[in-house]
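Each residue of the sequence shown is one higher than the last, beginning at 145 in our numbering. C-beta: ideal position from N, C-alpha, C; glycine also. Owing to the predicted nature of the structure, the values given are computational and were not obtained by experimental measurement. Structure first, commentary second.
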Amino acid sequence: MKKIVLVGSTGVIGSKVKKLFEENYHVVTVNRTSGDFRLDMADAAAVEDMFKKIGSFDALITTSGYGKWGTIDEHSIQDYHDGLNSKLMGQVNMVVIGRKYANPGASFVVSTGILAQYPVPGGISLGMINAGLEAFVRGAALDMENMTINSVSPSFAKETMELMGMDSSTGVPAVEFAKLYKEAIESGKSGEIFYAK
Ligand SMILES: NC(=O)c1ccc[n+]([C@@H]2O[C@H](COP(=O)([O-])OP(=O)(O)OC[C@H]3O[C@@H](n4cnc5c(N)ncnc54)[C@H](OP(=O)(O)O)[C@@H]3O)[C@@H](O)[C@H]2O)c1
């Protein structure tokens, strides 16, 4: 059975990804507070130590990372750094360090979000992070021989809108995003951003 490392397996989207992949893959779960391995993906030394323990693997999905929600007036400089360290560099750590341990032909999928292309008030940090990460994906795809790297760019998950007490009628069920990670892994494409239809 192929081995997939899933970072963020307890989240709104990651829990659906886990369910989908468990049918055909051995899923190794990674979070800060639960799972087979517990770490903050922003901690590069901890990430390296984890991959040494996991050994070789066939796919890696990250559905994890923090970015502040708030307007420019509500952001301190540290808030931008916190998001860059977590959602952007955390996922970059997983790819850059993980590829040294991955089997030939391995697939990587990170999570960005449509704020990269469609800004809304409050989305300044996440939009910046998502755009930077998508540029990383396109660049890394050129350099990562014998491997693929893609991004899934979710819009707003219905479940997340409900958790935030918002009207969720325009939300996309998280399971629809989960299917995109599978499509990205199995497509053979690289350097692509996968959006919900
Ligand atoms: N949900 C949406 O509507 C939406 C929209 C656009 C983009 N996205 C993006 O999609 C991804 C998943 O979103 P989500 O809403 O499913 O997230 P979520 O419900 O907040 O779950 C995040 C998951 O990642 C883990 N995690 C968070 N930070 C981590 C870190 N630094 N190191 C290791 N594990 C970490 C969490 O577990 P622990 O707390 O135990 O660490 C949890 O399992 C995120 O990158 C998010 O920005 C989501």
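- Counting of Cβ neighbours within 10 angstroms places leucine 277 among the buried residues, the total reaching 16 or more.
- DSSP places tyrosine 339 in no alpha helix (DSSP H) but in the uninterrupted beta strand (DSSP E) bounded by 337-339.
- Assignment of beta-bridge partners to threonine 173 by DSSP yields Leu150.
- Just so you know, the alpha carbons of valine 149 and histidine 219 end up roughly 33 Å apart.
- Distance from asparagine 175 to serine 153 at the Cβ level is roughly 6 Å; contact confirmed, criterion being Cβ atoms closer than 8 Å.
- When the alpha-carbon of threonine 173 is set against those of Tyr210, Ala203, Asp187 and Ala188, the nearest one is in Ala203.
- In this structure, DSSP gives aspartate 202 an extended state, which the three-state scheme calls strand.
- The shortest C-alpha to C-alpha distance from valine 296 to any of Thr314, Lys160 and Thr206 is the one to Thr206.
- Annotation: the continuous beta strand (DSSP E) that includes isoleucine 293 extends over 292-297.
- No Cβ-Cβ contact shorter than 9 Å links lysine 231 with isoleucine 293.
- Across the structure, glycine 179 and phenylalanine 165 are spaced so that their CA atoms are roughly 16 Å apart.
- In the DSSP assignment, phenylalanine 165 is bridged to no other residue.
- When C-beta atoms of the segment 321-339 are compared with those of the segment 303-312, fewer than three pairs fall below 8 Å, so the two segments do not count as touching.
- Judged by the Cβ position, asparagine 175 qualifies as a neighbour of ligand 1 at the 8 Å threshold, a heavy atom of the ligand being closer than this.
- DSSP places glycine 227 within a helical segment (H, G or I) once states are collapsed to three.
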